[in-house]
Every structure is written in structure tokens, then in C-alpha cells.
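The sequence shown maps to residues -21 to -1, 1 to 670 in mature numbering (1 follows the signal peptide of the UniProt record, and there is no 0). We put the CB at the ideal spot given by N, CA and C, even for glycine. This report refers to the structure that appears directly beneath it.
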Amino acid sequence: MKFLKLAGLAVVALLGQQVEGASTFSPARPPAAPLAVRSPYLNVWLNGRTDGGPSGYLAGQWPRFWTQQVQGWQGYVTVDGKSFNWMGAAPGAPNVDQVSLEYTSTKTTFVMNVDGKVQMSIKFMSPVYYNDLRRQSVTSSYLEVLVKSLDGRSHSVQVYCDVSAEWASGDRNAVVQWETNSKDGIRYHKFYRQNQQPFTEASEVASWGHWYWATGDKVRGLSYQIGADTDVRAQFLSKGSLTGDIDKNFRAVGVRWPVFAFSRDLGAVGSSWTSTLFTIGYTQDEAILFQGKDDTPMHVPSLWKQWFNEDELVTFFYNDYDYASHNCNRLDIRIADDSKAAGGQDYLTITSLAVRQVFGALAFTNTQQQPLVFLKEISSNSDIQTVDVIFPAFPIMLYLNPDLIKWTLDPLLENGRWHYPKNWAQHDLGTFPVAPGHPKGDDEAMPLEECGNMVIMMLAHAQRKHNNQYRSDNWDMLQKWAQYLIDDSKIPANQLSTDDFAGHLANQTNLAIKGIIALEAMSQIADLTGHKDQKEKYTKIAHEYLDFWSVHGINSQANPKHTVLQYDNPSTYGLLYNIYPDKVLGLNFIPQSVYDMQSDFYQSIQNEYGVILDTRGTLTKLDWEMFAAAVAKPETRNMFISKIASWIGRTTTWRAYTDLYDTKTGGYANGIEFTARPVLGGVFSLLALKQ
Ligand SMILES: *[C@@H]1O[C@H](CO)[C@@H](O)[C@H](O)[C@H]1NC(C)=O
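Next up, the structure:
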């Protein structure tokens, strides 16, 4: 519907006046638009601009890896002999006019007007298969380019698209090797670092694995070429087709920049759409180096190896496009319907931008029987399996597939049980993709935070899966962490919370309540796993601590009343986002009066773009705002949602969807550019509450 309407608008605009740099954005102009975002190493975005030019336009700037490095991806189109640029920043042709950008949960679609003669629809689709591990494990993404006549006449059209060797290494001096092949009707260029270095990265890009850039071979008018960027692009711009030459001089990424190109002569294009499909992806036999129970680290295989040989992947993924489209539409519609029902169109603006980003931080590995999902803490420090990054993301896992929680926590449980020396829960397992854990206990300690998170997430998983086995199997770990919660959650020691950029603080009210709720959760776990004697103990302590917390954690003299950031410090306050687990777990433990109090208080302290994280500054965390919103009164919930949706369209942040911003300026806070982090799974907080 939307698409037809926009297409119609373009025609009107064309007949009326020239559409100059006047794209529409639906549902909003994203800070950065996801292009190919499926894993930590396939994570390419159209960033916003910082040079004063308008953001959200595909033509004229390079797609970038989440780090900001260019990943050369160039598109040209030639119509009746005149060439235009539709993607990338290579010289040689003027930009097409962009009519619209639309994003959904799985797709970013641009509509272009080319010289008033043809319309292009450029669809980037990164599927999310939350319950189909076979398909989710294939780390590839689609680009479909559709062309049709705009003015009733037929036009001669040639479409060109290349990727550069920049995709294969973050090191511009790394030598890349390549070949071209045709198999089962698919033409593909394969390229990779000559010097494969498993489990290492250069500037966050994997230094091992093979890249595949593919298109249909049995289509009319296909030509291809591999060579230096300027040669290959000039060849297309002057001749409208490629030579078929394959440059044999394997060389460094940055030496006469090798590009891998396809072009298609579509012949005379009339009023019906003509489509060209491209796919881009990579394969790695081994994905993660993980220290499990055994003495030596495990080379954990990529999960696709359970079903495919490497040389089958490119054709499987390419030929799966119809299924993928159908599936992506279904997920887009499901998230749209559910989001609109729970929080209106503004809520959909917030949720749909987060979906690819969350899954783009996950690596699906190991075996069908025992999948392991590894998470990269993208942009903050690339830790692997950070518990307090999984926790903010866990609402989307609860909503789509609670087993994602188990597959993500399993490596932490196994490594922690055998190797971690502390009596609290480990913070992370190392730096992606290497997960040795911290056998010396030298991780970034967030003891109360992580103990609370583990208990809460394990109960949430078991409740939704109606499965007690998980809790029984890990009772020993749970009990150890519960003891830590008993020791520390009443009067929390001077320590970090997940918001570590704010520094250490003793007696954090919001941290204490997480621990106290987790103790109440332990009472349920004890009950369900046949430890009846422990059930009473945990709930008694939880209630006793809650009474203490209510005295020291709430400023009852203030008008309106509110919780404080730090016990007995009346002038402080912040988001009390850690009461959300009480609702998600259905504990009915926190009195409704606390929810109502905070709800009214947030109304009274709102800034232009939201509510501050706490009184140490004007910044906030988007994920925690949405935790707070999910358990607030309807008018407060709507306040958060409308402010955040408006922020998305207006923010001056310009890299992938940040979770940390300033509530007054809407820009980055304190110079910290959190980017593409999976924590934005937390915006599914409302939908995770629905059972
Ligand atoms: C933490 O709060 C408790 C209870 O009010 C108090 O006794 C203690 O002094 C506080 N600790 C710090 C470091 O403020």
C-alpha cells in the first residue's frame, strides 16, 4: 500500500515540478539506515551526514561498516545512454533523485526517480529468522533493484553494482584473493584475505572467512568484471557493460582498489517492474574460540555447517529469495500490528528500527542439538557475552523466541561453572570472537548487576518455555548468586552498574531493587525446582529488604514523591528501570504505588527528547527509558514513546541507532557514540509483557 502511494506521489511530483532533494521518510528519517545487517561482520549502514548535507540519501556517500569504515558498494544506472549514481560516492555520474526511504523491521527501501524517465525501487533486505536456525545461520543479505518506466515510454536501461575488497578486511594493506564462478544459475565473485587468520579482526572486521557477491547468471544481459575501481566503473560508464576480464593481480585492499562488479542490460524497460537480485554474504567454518568445560578452548563451528557445504550456501540463499521475502513480510506485519496495538504508530517507529540491529550483533554457532548464540557488544568495547548487554536486549528475545535467551546464557553458565573464581556472576567472556572467560576473575566487576540479571533472565526463559530443567540443572550456580544477592542487595557496596560510563556509586537504589526482585524470583525458582525449604527463606529476605529499600530509596517528602538515585540522598533521582522485571516475571512483588509514583514523577521531569537517566547529567539511555515506559501509566508511557519517536526523526546522532543520547540536545552525550548495540532489543519491553 505504502509503496504504491509513494510511487504515485513520484509521478505527481514529476508531472508537477522537479523533485529536488526532497525525499520522504517513512516512518521517520533514521539516524542511520540499515543496509546489510545480519551479524557482527555483516553490518553495513547508510550513516547520516555530518557535513551539513541532508541525511538519509543513498546516492553520493559510501555505505559504511558500523565502525565508520567505508565498505565500497557502488551502484550506477544508465537510462537511454545517460548514467546516474544510485549508491556510493564514486565519481563519474550525477546522483539520481531520491523520492523516498522507508524502513520496516527487515527492509530498507529507497525509491528513486531517474531523469524523470524511470523509477527505481532499491530494496535492502536482511532476514531475521528467529525460529529457523538453518536459515538464520546463513550470514548473507539481499539487495533487489527494480526498474520501470515512469513516463509511459520504454527506455533502454543498464544497471551496475559492485562491492570492493574493503569488505574482506579492515586492514587496507591485507592482500585479497578472488575468483569468479557460475553454479546452478548463479554467478558469484568470491573474495577473501589471502592470509586467513581465524578468530582475529582488523578494525573489527573479521580477518578470516570468504565473501560472496552474487547475482543471477541465466538472466539476459549479464556481464561482469573484476579489476581496479576506476577501470571497472569507467568501463561501465562508457560502454554500459563489462568486459568479463578478471584481474589476476591479487593485491592489497587499498592498492588500485579491487572491485567485484556486475552489470545487467535490461534492454527496453516498460511500465512493469524488471528486477535484478544481488546477494552479499560471508562464510566462516569456525566462528568462535570458546573456553568451555574442557581444558583446551573449543573451535566452535558456524551453525550453517550443520546443513550446508560452503559451496551450496550462495545458491541456497539466492534461490531462497521468494521464501525470504514472504517470511520478512510476515515478520514486518507481525511487529507492526503488535507495536501499533501496544503503543501506536510511534512505537512502531521505535521497534522496527531495532530488529536487524539486535540480530546483527549475534553469531549463531555450534550444533543443531546445542546451538550457542554469541553476542558482540558492538561499539562499546566489543566484549563477548556481556551479561548486562544481554539483559537490556532480552525483551526482544522473550517476544520472538525465549530460547534465544538460553542459547546466549549457556556459554556463560558453562564457562562460569568451570573457570570463574568469584562468588558472583561473570560480566563477560572476553573480546569477540574469543571467549576464554576470566579464570583470574579480572573482568569488569558488576557483581550485583550480573547476579540479578542471570537469575531474572533464567526465570523468564523457564516461565515462557514451561520448562524447569534449565533451572534445576543450574541450581548450584543460582544458589551461589542468590547468596551474593543476600549479602549485597540491601545495602549495595560501592560498585558499577551497567551504566558504567557514570562511574562507581554506593547504595544505588535502582541496582538494589534489581537484586531484591531477583531474590523474590529465587523464591519462585526454589519452589519450581523442588527446594521448598529455600522458597520461604528467599521471599522473606526479599520482603524485608523491600521494606528497607522503601525507607531509604524513596524521597517521600518531595512533591511529587520519587525514588532517589542513591539511598537517603533526597535531591537525586533517575529512571527506576529495574522494576520492569517484576512485571515481566509476573511476581506482583513491587507495590503498584511505586509504579504510579514513578510514572507521575517522570511526567514532571521530562525534557525535549525524554527523561534523564539520573541526576548526574542530562543524558539518558533509550533502552532503559523503554523499560520504564512499559510499566508506567498510559499517559507516561505515551510521553516516552512520542518523545523517542520524535527523537529518531530529528536527532543529530548520525551513526546506527544509539541507545545513549542527550535529552536536551538530542545529540550524542559526553562525546560517547554508542552505535548499533544490541541493547536496543529493550525497546520491545511492552511486547515482552504480553504473554
Ligand atoms: C548506604 O546506606 C546505608 C543505609 O542508609 C548507610 O548506613 C550507609 O552509610 C550508606 N553508605 C554510603 C557509602 O553512603
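Next on the checklist: What does the alpha-carbon distance come out to for the pair I369 and F480?
Outcome noted: As a position in the sequence shown, residue 369 is number 390, starting the count at 1. As a position in the sequence shown, residue 480 is number 501, starting the count at 1. So the alpha carbons of these two residues sit roughly 18 Å apart.
Item to check | Residue from N394, K162, N360 and F229 with nearest C-alpha to D273 | outcome: By one-based count along the sequence shown, residue 273 stands at place 294. Residue N394 is the option with its Cα nearest to D273.
Checklist entry - How long is the line joining the alpha carbons of M(-21) and L80, rounded to whole angstroms? => result The count along the sequence shown starts at 1 and reaches residue -21 at position 1. The count along the sequence shown starts at 1 and reaches residue 80 at position 101. With a pLDDT of 34 at M(-21), under the threshold of 50, the predicted position of this residue should be treated as unreliable, though the coordinate-derived value follows. About 15 Å.
Item to check | Sequence ranges, beta strand (DSSP E) only - wholly within the region 51 to 79, length at least 3 | outcome: Qualifying beta strand (DSSP E) stretches, in chain order: 52 to 58 and 61 to 66.
Checklist entry - Do L427 and P471 have their C-beta atoms within less than 7 Å of each other? => result Residue 427 sits at position 448 when you count from the first residue of the sequence shown. Residue 471 sits at position 492 when you count from the first residue of the sequence shown. Yes, Cβ-Cβ distance for L427 and P471 is below 7 Å.
Item to check | Pair within 7 Å by beta-carbon distance, L282 and T344 | outcome: As a first step, residue 282 must be located in the sequence shown, where it is residue number 303. As a first step, residue 344 must be located in the sequence shown, where it is residue number 365. Against a cut-off of 7 Å, the Cβ pair of T344 and L282 comes out as a contact.
Checklist entry - Are L564 and L464 close, meaning C-beta to C-beta below 7 Å? => result Translated into the one-based positions of the sequence shown, residue 564 becomes position 585. Translated into the one-based positions of the sequence shown, residue 464 becomes position 485. It is not a contact, given that the beta carbons lie outside the stated cut-off.
Item to check | Nearest residue (CA-CA) to residue 685, options I569, E523 and S318 | outcome: Given a span of -21 to 670 for the chain in the structure shown, any question on residue 685 remains unanswerable.
Item to check | A485 Cβ short of 6 Å to ligand 1 heavy atom set | outcome: Translated into the one-based positions of the sequence shown, residue 485 becomes position 506. Answer for A485: yes, Cβ within range of ligand 1.
Checklist entry - According to DSSP, is K540 helix, strand or coil? => result Position 561 of the sequence shown holds residue 540. In this structure, K540 counts as coil in the three-state DSSP scheme.
Checklist entry - Straight-line CA distance for A(-15) to V90? => result The residue given as residue -15 occupies position 7 in the sequence shown. The residue given as residue 90 occupies position 111 in the sequence shown. Residue confidence for A(-15) is low, a pLDDT of 41 falling below 50, so the modelled location carries little weight and cannot support an answer.
Checklist entry - To which residues of the same chain is R132 closer than 7 Å at the C-beta, ignoring the five residues directly before and after it? => result Position 153 of the sequence shown, counted from the first residue, corresponds to residue 132. Once the five neighbours on either side are set aside, R132 has no close Cβ partner at all.
Item to check | Any 3 or more C-beta pairs closer than 8 Å across the region 127 to 146 and the region 103 to 113 | outcome: no
Checklist entry - Nearest-angstrom Cα distance between T179 and H189? => result Start at 1 with the first residue of the sequence shown, and residue 179 comes out as number 200. Start at 1 with the first residue of the sequence shown, and residue 189 comes out as number 210. C-alpha separation (whole angstroms): 14 Å.
Checklist entry - Roughly how many whole angstroms lie between the Cα atoms of P350 and A181? => result For the purposes of this step, residue 350 is taken as residue 371 along the sequence shown, with counting starting at 1. For the purposes of this step, residue 181 is taken as residue 202 along the sequence shown, with counting starting at 1. Distance between the alpha carbons of P350 and A181 is about 27 Å.
Checklist entry - Which residues mark the beginning and the end of the alpha helix (DSSP H) in which K511 is found? => result The residue you call residue 511 lines up with position 532 of the sequence shown. Per DSSP, K511 belongs to the alpha helix (DSSP H) from K511 to H531.
Checklist entry - In angstroms, rounded to a whole number, what distance separates the CA positions of G54 and G409? => result By 1-based counting over the sequence shown, the position of residue 54 is 75. By 1-based counting over the sequence shown, the position of residue 409 is 430. Rounded to whole angstroms, G54 to G409 spans 39 Å at the Cα level.
Checklist entry - Once you ignore the five residues that flank Q175 on each side, which residues in its own chain have a CB closer than 6 Å to its CB? => result Sequence index remark: in the sequence shown, residue 175 carries index 196 (1-based). Excluding its 5 nearest sequence neighbours in each direction, Q175 has C-beta neighbours in its own chain below 6 Å: W187, listed in chain order.
Checklist entry - Going by the C-beta, is D325 closer than 6 Å to any heavy atom of ligand 1? => result Against the sequence shown, residue 325 aligns to sequence position 346. Not under cutoff, so the answer is no.
Checklist entry - M605: which of Q448, H483 and N557 sits nearest, CA to CA? => result As a first step, residue 605 is located in the sequence shown; it is residue number 626 there, counting from the start. Residue N557 is the option with its Cα nearest to M605.
Checklist entry - Which stretch, first to last residue, makes up the beta strand (DSSP E) that contains L383? => result Along the sequence shown, one-based indexing puts residue 383 at 404. Segment D382 to H398 is the alpha helix (DSSP H) holding L383; no beta strand (DSSP E) there.
Item to check | Inter-residue CB distance, S359 and R656 (contact presumed, cutoff 8 Å) | outcome: The count along the sequence shown starts at 1 and reaches residue 359 at position 380. The count along the sequence shown starts at 1 and reaches residue 656 at position 677. Between R656 and S359 the Cβ distance is about 7 Å, and since that is below 8 Å, they are a contact.
Item to check | Span separating the alpha-carbon of V58 from that of S2 | outcome: The residue labelled residue 58 in the question sits at position 79 within the sequence shown. The residue labelled residue 2 in the question sits at position 23 within the sequence shown. Cα to Cα, V58 sits roughly 21 Å from S2.
Next on the checklist: Let's test the definition: count the other Cβ atoms within 10 Å of the Cβ of F229 and tell me whether it reaches 16, buried, or not, exposed.
Outcome noted: The residue you call residue 229 lines up with position 250 of the sequence shown. F229 is exposed by the Cβ-count criterion.
Next on the checklist: For F239, list the residues DSSP reports as bridge partners.
Outcome noted: Locating residue 239 in the sequence shown gives position 260, where the first residue counts as 1. According to DSSP, F239 bridges with V142 and I205.
Next on the checklist: Tell me whether the region 198 to 208 and the region 238 to 249 touch, counting them as touching only if at least three CB pairs, one residue from each stretch, are closer than 8 Å.
Outcome noted: With the cut-off at 8 Å, the region 198 to 208 and the region 238 to 249 touch.
Checklist entry - Is the CB-CB distance between D43 and W65 below 7 Å? => result Translated into positions along the sequence shown, residue 43 becomes position 64. Translated into positions along the sequence shown, residue 65 becomes position 86. For the sequence presented, residue 43 should be read as Arg rather than Asp. No, they are not a contact pair.
Item to check | D421 and D407 closer than 7 Å at C-beta | outcome: Sequence index remark: in the sequence shown, residue 421 carries index 442 (1-based). Sequence index remark: in the sequence shown, residue 407 carries index 428 (1-based). No, they are not a contact pair.
Checklist entry - Apart from the five residues just before and just after Y468, which ones in its own chain have a Cβ nearer than 7 Å to its Cβ? => result The residue given as residue 468 occupies position 489 in the sequence shown. According to the sequence as given, residue 468 is Ser; it is not Tyr. Within the same chain, S468 has close Cβ partners L427, A491, G494, I495, L498 and Y524.
Item to check | Per-residue burial, M456 [other beta carbons within 10 Å of its own, 16 or more giving buried] | outcome: For this step, residue 456 is matched to residue 477 along the sequence shown. Looking at its Cβ environment, which holds 16 or more other Cβ atoms inside 10 Å, M456 is buried.
Checklist entry - For Q(-4), which of helix, strand or coil comes out of DSSP? => result Against the sequence shown, residue -4 aligns to sequence position 18. Confidence at Q(-4) is low in this model, with a pLDDT of 39, below 50, so its placement is unreliable and the value that follows should be read with caution. In the structure shown, Q(-4) sits in coil (DSSP, three-state: anything other than H, G, I, E or B).
Checklist entry - Can you check whether the CB of E158 is closer than 7 Å to the CB of V232? => result As a first step, residue 232 must be located in the sequence shown, where it is residue number 253. As a first step, residue 158 must be located in the sequence shown, where it is residue number 179. The answer is no: Cβ separation not under 7 Å.
Next on the checklist: Distance check for K401 and R462, CA to CA, integer angstroms please.
Outcome noted: Position 483 of the sequence shown holds residue 462. Position 422 of the sequence shown holds residue 401. Note that residue 462 is Gln in the sequence shown here, rather than Arg. Approximately 12 Å between the Cα atoms of the pair.
Next on the checklist: Closest to L112 by C-alpha separation, out of F338, A153, Y167 and R235, would be which residue?
Outcome noted: Taking the first residue of the sequence shown as position 1, residue 112 is located at position 133. Of F338, A153, Y167 and R235, the residue nearest in Cα terms is F338.
Checklist entry - What separation, rounded to the nearest whole angstrom, lies between the Cα atoms of I623 and P374? => result Translated into the one-based positions of the sequence shown, residue 623 becomes position 644. Translated into the one-based positions of the sequence shown, residue 374 becomes position 395. Computed Cα separation, rounded: 18 Å.
Checklist entry - On the three-state DSSP scale, how would you describe Q175? => result Mapped onto the sequence shown, residue 175 falls at position 196. It is coil, neither helix nor strand.
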